[in-house]
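To start, the structure itself, in structure tokens.
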Amino acid sequence: MSAERIRMDVISKNLANAHTTRMPGAGPAKPYRRQVVHFAPIVAGPGGSPNEAGGVRVTEISGDFKTPFDEIYDPQHPDAGSDGIVRMPNVNTMKEMADLMTAVRAYEANLKAQDTFVKMAERALHLAQ
Numbered sequence: 003m004s005a006e007r008i009r010m011d012v013i014s015k016n017l018a019n020a021h022t023t024r025m026p027g028a029g030p031a032k033p034y035r036r037q038v039v040h041f042a043p044i045v046a047g048p049g050g051s052p053n054e055a056g057g058v059r060v061t062e063i064s065g066d067f068k069t070p071f072d073e074i075y076d077p078q079h080p081d082a083g084s085d086g087i088v089r090m091p092n093v094n095t096m097k098e099m100a101d102l103m104t105a106v107r108a109y110e111a112n113l114k115a116q117d118t119f120v121k122m123a124e125r126a127l128h129l130a131q
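Using our numbering, read the sequence shown as starting at 3 and increasing by one per residue.
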């Protein structure tokens with residue numbers, strides 16, 4: 003659940019900066035670069051296989067260097083180059099919203115599984131009495 007929460011936070015940051023053409027201290031040619039969350043399985047025990055994974059963890063949050071920046075022609079923009087081209091962030095809001103919906107559903111599924119486990123444990127304790 004914590005990994006999905008981090009993923010939702012990163013997606014929110016991407017959406018918030020979808021129109022940021024200048025990062026603080028980076029100059030006018032450096033727009034916001036989309037961030038991506040990378041996961042890895044948590045292995046259950048020493049020498050355990052990935053099939054016995056205990057969930058996932060965030061290994062890193064890195065910039066998306068594969069997707070190019072969008073370029074628009076707007077000579078009136080303060081961050082436009084001498085040719086009137088403004089480099090926009092490489093954030094696709096539709097893709098981010100789809101990723102956000104996926105992350106929210108995964109979070110909800112994990113929450114439901116955890117709730118179900120707690121109810122099963124309570125029933126087992128009740129039966130043992």
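Glycine is no exception: its CB is placed at the ideal position from the N, C-alpha and C atoms.
Source: prediction; values computed, not measured.
Identity of the residue in the options nearest residue i by Cα
| i | options | result |
| --- | --- | --- |
| Q116 | G56, I13, V45, T23 | G56 |
| M90 | T23, Q131, R7 | T23 |
| A42 | P26, E62, M25 | E62 |
| P80 | P33, K121, R107 | P33 |
| P77 | V88, K68, T69, E98 | V88 |
| A82 | A31, V120, E124 | A31 |
| Y75 | T69, K68, S84 | S84 |
| F71 | A123, L129, H21, P26 | H21 |
Residues of its chain near residue i, where Cβ-Cβ distance is below 6 Å and the 5 sequence neighbours each way are ignored
| i | result |
| --- | --- |
| M10 | A105 |
Cβ-based neighbour list, residue i, same chain, cut-off 8 Å, excluding 5 preceding and 5 following
| i | result |
| --- | --- |
| I8 | V39, V60, I63 |
| G65 | R35, R36, Q37, V38 |
| L17 | V93, T95, E98, M99, L102 |
| E73 | I87, V88, R89, M90 |
| Y109 | M3, E6, R7, M10 |
| V58 | A5, F41, A42, P43, I44 |
Test: residue i CB closer than 8 Å to a CB of chain D
| i | result |
| --- | --- |
| K15 | In summary, chain D is missing from the structure at hand, where a single protein chain is found. |
Nearest-angstrom beta carbon gap, residue j and residue i [assumed within contact, 8 Å]
| i | j | result |
| --- | --- | --- |
| N112 | M3 | 5 Å |
Residues that residue i bridges to, as DSSP identifies them
| i | result |
| --- | --- |
| H40 | E62 |
| I8 | I8 is not bridged to any residue. |
| Y75 | I87 |
Cβ shell of residue i (< 7 Å), same chain only, five flanking positions each side left out
| i | result |
| --- | --- |
| F67 | none |
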